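Student: One structure coming up, written as structure tokens, with questions to follow.
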Amino acid sequence: MSAAIENLEAAQRRAMAGRPKVAGFPYLAETLRRAGVTRNQWFLPACQSVYLTQKGPVVTQGTPLLSGTVDVPKFDRAALIAALRTDQAGNSTFPEFLEACWRAGVLHYDVDFTARTCTYYGCEGEKYVEDYPAVVID
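For the sequence shown, the numbering used here puts the final residue at 322, and the numbers step up evenly by one.
This is how it looks when you write it as structure tokens:
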């Protein structure tokens with residue numbers, strides 16, 4: 185296992201151990217940022233995640249949301265914001281969040297841990313950018 189993978193997985197374990205149920209993403213993001221992760225790019229519906237870290241890039245392949253050939257949903261900003269608010273309130277699991285993003289027409293999203301932004305993209309150039317708050321981790 186590479187140093188980049190070991191570092192990323194250790195940071196993810198720390199984040200999940202201390203992450204609050206409500207508004208947990210900023211805690212996760214700050215934990216990853218402190219571990220040297222600069223970006224996280226998610227590709228839906230493949231559930232492939234690329235982490236850009238100071239120790240090198242790492243890819244994680246999750247279970248795809250679908251298989252075969254399907255139509256890409258139309259980008260729906262209101263549905264995306266609803267999915268975000270549901271997740272931020274602690275009322276969805278991460279797989280449910282990913283599925284809701286896909287249904288809202290999100291093809292991929294990019295988390296910038298330095299700028300503290302998440303940018304969600306549709307397949308025709310649509311995008312929605314949301315800032316997330318800084319948190320203090322003891």
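We put the beta carbon where it would ideally sit given N, CA and C, even for glycine.
Being a predicted model, the structure only gives us computed values, none of them experimental.
For Thr222, is the beta carbon positioned less than 8 angstroms from some heavy atom of the ligand NAD?
Tutor: Here there are no bound small molecules, and the ligand NAD is not part of this structure.
Student: Would you call Gly274 buried or exposed, if buried means 16 or more other Cβ atoms sit within 10 Å of its Cβ?
Tutor: Exposed, by the Cβ-count rule.
Student: Which residues in the same chain as Asp315 place their Cβ atom closer than 7 angstroms to its Cβ, once the five residues preceding and following it in sequence are excluded?
Tutor: Excluding positions up to five away in sequence, the list reads Arg300, Thr301.
Student: Compute the Euclidean distance between the alpha carbons of Thr222 and Gly252, then round it to the nearest angstrom.
Tutor: For Thr222 and Gly252, the distance between alpha carbons rounds to 33 angstroms.
Student: Have a look at Gly220, Pro257, Gln232 and flag the residue whose alpha-carbon is nearest the alpha-carbon of Gly240.
Tutor: Nearest C-alpha to Gly240: Gly220.
Student: Is it true that the CB of Ala318 sits closer than 9 angstroms to the CB of Pro210?
Tutor: Yes, Cβ-Cβ distance for Pro210 and Ala318 is below 9 angstroms.
Student: Would you mind giving the Cβ-Cβ distance between Leu249 and Leu282, rounded to the nearest angstrom? I have them listed as a contact below 8 angstroms.
Tutor: Indeed, because the Cβ distance is near 6 angstroms, the residues count as touching under 8 angstroms.
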